[in-house]
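These protein sequence lines are chains C and V, in that order.
FYI, in this note's numbering the residues of the first sequence are 32 to 499.
FYI, in this note's numbering the residues of the second sequence are 35 to 191.
Shown next, in structure tokens, is the structure this report addresses.
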Amino acid sequence: MTSVSKLTEERRLLLLSVLSLSIILIFGLGWLVASPLLSNKSMILLEDFPLAFLCGLLANYGIILCFQSLGRCLLIGSALSILGYAQFGIHVCCKGCKGPYPLSRPVIWCGILVVLLLYAIKILSEPLAAWDARSIWFFHAKMIYVKGALSQAAGWNHAAAQFSHVDYPKLLSSLAAEVSYPMRYWNEYLPKVALLLLLIPPVFWIYSFLRYSWSSLFLLCIFPFMMGEWLWNGYMDGYLAIYLAVAMLLVGRYITKRQPLDLISSLGCLVFIPNLKNEGLLEMFIGAIAITITGIKMAKANMLQLEQVIRLRWPQSVSLIVCIIPCLVWYLYYRIAWGLTNDLQIGTHETFTRILQRITDWNSIALIFGSILNQLWFPILILSVLFIVLMTGGSRMQTEMIPPIITGTLYALCLFIVYLLTPNDLAWHLTNSVNRTILSAKSCFLVGIFWMMHHLENKAECATVVKT
Amino acid sequence: MPDTKIVSNGSSKCIMNEIIFKYIWRLGCMAIIVLALFYLQIMHTWSILVKASMALVNNYGQFQTNLATPGSGLDILPSQVQEMRDILQDNPQIVRYQLSQQLKADEFILQRSVETIWPKTLDSAAKGVFILCSELEQYDQCVEVDRGKEIALVECP
Numbered sequence: 032m033t034s035v036s037k038l039t040e041e042r043r044l045l046l047l048s049v050l051s052l053s054i055i056l057i058f059g060l061g062w063l064v065a066s067p068l069l070s071n072k073s074m075i076l077l078e079d080f081p082l083a084f085l086c087g088l089l090a091n092y093g094i095i096l097c098f099q100s101l102g103r104c105l106l107i108g109s110a111l112s113i114l115g116y117a118q119f120g121i122h123v124c125c126k127g128c129k130g131p132y133p134l135s136r137p138v139i140w141c142g143i144l145v146v147l148l149l150y151a152i153k154i155l156s157e158p159l160a161a162w163d164a165r166s167i168w169f170f171h172a173k174m175i176y177v178k179g180a181l182s183q184a185a186g187w188n189h190a191a192a193q194f195s196h197v198d199y200p201k202l203l204s205s206l207a208a209e210v211s212y213p214m215r216y217w218n219e220y221l222p223k224v225a226l227l228l229l230l231i232p233p234v235f236w237i238y239s240f241l242r243y244s245w246s247s248l249f250l251l252c253i254f255p256f257m258m259g260e261w262l263w264n265g266y267m268d269g270y271l272a273i274y275l276a277v278a279m280l281l282v283g284r285y286i287t288k289r290q291p292l293d294l295i296s297s298l299g300c301l302v303f304i305p306n307l308k309n310e311g312l313l314e315m316f317i318g319a320i321a322i323t324i325t326g327i328k329m330a331k332a333n334m335l336q337l338e339q340v341i342r343l344r345w346p347q348s349v350s351l352i353v354c355i356i357p358c359l360v361w362y363l364y365y366r367i368a369w370g371l372t373n374d375l376q377i378g379t380h381e382t383f384t385r386i387l388q389r390i391t392d393w394n395s396i397a398l399i400f401g402s403i404l405n406q407l408w409f410p411i412l413i414l415s416v417l418f419i420v421l422m423t424g425g426s427r428m429q430t431e432m433i434p435p436i437i438t439g440t441l442y443a444l445c446l447f448i449v450y451l452l453t454p455n456d457l458a459w460h461l462t463n464s465v466n467r468t469i470l471s472a473k474s475c476f477l478v479g480i481f482w483m484m485h486h487l488e489n490k491a492e493c494a495t496v497v498k499t
Numbered sequence: 035m036p037d038t039k040i041v042s043n044g045s046s047k048c049i050m051n052e053i054i055f056k057y058i059w060r061l062g063c064m065a066i067i068v069l070a071l072f073y074l075q076i077m078h079t080w081s082i083l084v085k086a087s088m089a090l091v092n093n094y095g096q097f098q099t100n101l102a103t104p105g106s107g108l109d110i111l112p113s114q115v116q117e118m119r120d121i122l123q124d125n126p127q128i129v130r131y132q133l134s135q136q137l138k139a140d141e142f143i144l145q146r147s148v149e150t151i152w153p154k155t156l157d158s159a160a161k162g163v164f165i166l167c168s169e170l171e172q173y174d175q176c177v178e179v180d181r182g183k184e185i186a187l188v189e190c191p
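Take a look at the structure:
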């Protein structure tokens with residue numbers, strides 16, 4: 032009996048170490064990758080930390096994709112992380128931390144801690160139960176954990192595993208396997224630590240928008256809470272949506288404040304989402320199209336000079352390549368080399384036949400359109416009302432509102448097409464998925480509402496600033 | 035930076051705008067936030083998160099034990115899948131198995147068993163077959179290896 036309780040006590044201590052070390056190591060690794068992208072001046076904790084952490088998650092996934100063995104990856108990651116901390120120490124000593132978000136703003140830090148703590152408790156206090164979480168993400172994690180490597184030998188081509196969408200990217204799964212690996216056991220709680228690690232960067236970024244204003248209050252109320260259960264039940268849709276929303280928020284702040292770090296962070300989020308789920312690839316392209324359209328519009332209006340934006344030196348190029356590599360390696364190499372295919376059969380003859388059948392069937396179109404609109408009517412209604420207020424006040428549509436609205440609209444249209452080509456029963460597919468797949472579009476529209484509110488409350492067209 | 039203050043230029047349009055942005059705007063913002071809290075189910079999410087935290091305060095020991103115990107949390111699985119897992123643990127020589135047609139027809143049981151029992155794999159060529167106890171008569175040509183309350187493992191030629 033004593034030996035059992037001693038064993039449990041040892042496990043608890045090890046567990047605490049694994050939890051703390053995972054955050055510490057990812058940040059160190061991320062700092063090594065992200066430091067060339069960060070400000071050359073002093074450090075802004077609230078904005079530098081999440082970018083470094085995001086790069087850490089990407090670099091860790093990249094290491095696993097390259098070296099495969101979990102043990103080897105943990106060793107390499109730890110060594111690189113130590114190097115990252117050395118660089119971090121030099122950076123802090125030479126350049127220091129600065130405002131406008133110094134540690135003296137306890138409200139922001141308390142907010143971040145409270146939100147992360149609430150989610151940590153919810154995530155870790157429930158076993159894995161949701162269908163996709165068990166059948167896809169954490170099943171893949173278990174396959175990686177059991178094999179001790181993200182290799183083909185884990186069983187991706189086994190006939191019994193084909194229901195689990197084996198072609199999906201493995202960032203979350205490999206992270207969950209890595210968390211369990213040093214503990215040497217598998218259960219239905221511990222791997223969920225990976226969900227918490229994914230949540231850290233967006234919460235930091237969202238709280239970097241905290242001001243004493245209505246728009247800020249609106250933002251903090253909806254993100255991350257509007258995602259509901261999708262952030263703790265092990266599905267990836269909530270994470271896709273929150274990262275896309277953060278990308279749109281950051282690009283909006285870049286447009287209003289012109290801090291290069293915001294644009295880099297926004298692009299970082301866009302590059303990150305394809306590693307969460309296949310739909311992320313589509314979101315990345317749509318987000319990039321929206322940002323490009325906005326950039327062209329700004330350049331035409333002489334609001335932006337392209338050479339200011341694209342000014343990369345070689346260390347920054349290396350950082351960007353490290354961030355992009357995991358996505359390329361998974362989608363362009365492993366999926367093809369391992370022969371992993373998608374259940375939607377995109378690009379096949381059957382796909383086009385189904386699209387043609389459904390597009391001529393008024394009931395199918397009405398069903399898809401109705402289901403999507405049922406999820407989106409609230410943000411669209413508020414957007415329309417605010418747009419009318421904006422126009423009546425004599426304002427134009429502001430540039431920062433464009434990327435989220437374009438992204439949300441295009442993504443909703445793409446979802447419409449995806450549902451047109453689904454090989455599953457349409458009504459069943461819509462009932463079981465539209466409330467989560469539409470989250471990304473909904474989040475983009477809500478970011479659009481935030482930027483409209485932000486603009487309206489800052490609007491002082493008829494006021495003049497008089498120096499006293 | 036010099037001290038600054040904002041003053042209106044006094045035109046009627048501007049006074050109107052000031053009224054909109056000072057008073058009606060505040061009401062509008064409050065309305066948007068309140069609507070969002072309810073329509074987007076944010077209040078519901080908050081209440082779930084707070085309830086989970088309260089539950090943790092009352093049961094911190096269990097929370098830690100769940101995380102630190104190998105194989106914990108399997109009690110959320112259907113009883114048939116739990117039985118299959120137990121039977122295979124008692125019979126470590128069996129590394130591949132099949133499911134009876136009746137069990138295989140239930141997608142939930144099929145997927146839960148495959149992912150829970152992994153790395154022992156579902157294989158149509160395996161000799162060991164999981165069947166419902168009620169199906170035993172149909173498998174009279176097979177040898178019973180082990181049996182639970184609802185599930186039996188038989189070895190078929």
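For every residue, glycine included, the Cβ atom is placed at its ideal position computed from N, Cα and C.
Bear in mind the structure is a predicted one, so any value in this text is a computation, not a measurement.
Check: Is C:V197 helix, strand or coil by DSSP?; Outcome: coil
Check: So is C:A507 buried or exposed if we call it buried at 16+ other beta carbons inside 10 Å?; Outcome: Outside the shown range of chain C, which is 32 to 499, sits residue 507 of chain C, and nothing can be said about it.
Check: Can you check DSSP and say which residues form a bridge with V:G162?; Outcome: V:E189
Check: Between the C-alpha atoms of C:T430 and C:V277, what's the straight-line distance to the nearest angstrom?; Outcome: 17 angstroms
Check: Using a Cβ cut-off of 7 angstroms (strictly closer), state whether C:G265 contacts chain V.; Outcome: no
Check: Pull up the DSSP beta-bridge partners for V:R181, would you.; Outcome: V:A186
Check: Do you know whose CA, among C:D392, C:P232 and C:G425, lies nearest C:L457's CA?; Outcome: C:D392
Check: Between C:W162, C:R389 and C:A190, which lies nearest to V:S158 when the distance is taken from Cα to Cα?; Outcome: C:A190
Check: Using a Cβ-Cβ cut-off of 7 angstroms, state whether V:N100 counts as contacting chain C.; Outcome: yes
Check: Among the candidates C:R427, C:V449, C:N463 and C:F409, whose CA atom is the shortest distance from the CA of C:C475?; Outcome: C:F409
Check: With a threshold of 7 angstroms on Cβ separation, who are the neighbours of C:A185 within its own chain once the five nearest residues in sequence on each side are excluded?; Outcome: M174, I175 and K178
Check: V:I76 CB to nearest chain C CB: under 7 angstroms?; Outcome: yes
Check: Out of curiosity, what's the CA-to-CA distance linking C:Y365 and C:A208?; Outcome: 18 angstroms
Check: Which chain C residues sit within Cβ distance under 7 angstroms of V:P153?; Outcome: V177
Check: Give every residue of the same chain whose Cβ lies closer than 6 angstroms to the Cβ of V:Q132, excluding the five residues on either side of it in the sequence, and list them in chain order.; Outcome: A160 and V163
Check: Let's test the definition: count the other Cβ atoms within 10 Å of the Cβ of V:E178 and tell me whether it reaches 16, buried, or not, exposed.; Outcome: exposed
Check: Who are C:A180's beta bridge partners in DSSP?; Outcome: C:S100
Check: Hey, C:K223 and C:I152: beta-carbon distance below 7 angstroms or not?; Outcome: no
Check: If contact means a Cβ-Cβ distance below 9 angstroms, which residues of the stretch 195 to 210 of chain C contact chain V?; Outcome: S195
Check: Is C:W245 close to chain V, meaning its C-beta is less than 7 angstroms from at least one C-beta of that chain?; Outcome: yes
Check: Tell me the start and end of each unbroken beta strand (DSSP E) in the stretch 282 to 343 of chain C that is at least 3 residues and wholly inside, in chain order.; Outcome: none
Check: How many angstroms separate the CA atom of C:G311 from the CA atom of C:I304?; Outcome: 5 angstroms
Check: Under the three-state reduction of DSSP, which class applies to V:L111: helix, strand or coil?; Outcome: coil
Check: For C:K201, is the classification buried or exposed, using 16 other Cβ atoms within 10 angstroms of its Cβ as the cut-off for buried?; Outcome: buried
Check: Cutting at 7 angstroms between CB atoms, please list the residues of its own chain near C:L50, excluding the five before and the five after it.; Outcome: V224
Check: For chain C, check one thing: does any of its Cβ atoms lie closer than 7 angstroms to the Cβ of V:C63?; Outcome: yes
Check: Can you give, in chain order, each stretch of the alpha helix (DSSP H) that sits fully within the stretch 92 to 153 of chain V and has at least 4 residues?; Outcome: 94 to 102, 113 to 124, 135 to 139 and 141 to 151
Check: Note down, in chain order, every chain V residue with its Cβ under 9 angstroms from the Cβ of C:K288.; Outcome: Near C:K288 there are no residues of chain V at all, since even the closest Cβ is about 17 angstroms away, more than 9 angstroms.
Check: The alpha helix (DSSP H) that contains C:C141, what's its start and end?; Outcome: P137 to S156
Check: Would V:I143 count as contacting chain C if we go by Cβ distances under 7 angstroms?; Outcome: no
Check: Near C:S464, which residues of its chain fall below 8 angstroms by C-beta distance, leaving aside the five closest residues on each side in sequence?; Outcome: none
Check: Would you say C:F58 and C:I231 are within 7 angstroms of each other, going by their C-beta atoms?; Outcome: no
Check: Taking only runs of the alpha helix (DSSP H) that begin and end inside the stretch 220 to 274 of chain C, which ones reach a length of at least 4 residues, in chain order?; Outcome: 224 to 238 and 245 to 253
Check: Express the C-alpha separation of C:L181 and C:Y362 in angstroms, rounding to a whole number.; Outcome: 15 angstroms
Check: If the criterion is Cβ atoms closer than 7 angstroms, does the pair C:R467 and C:D268 meet it?; Outcome: yes
Check: Counting only beta-carbon atoms, is V:L137 nearer than 7 angstroms to chain C?; Outcome: no
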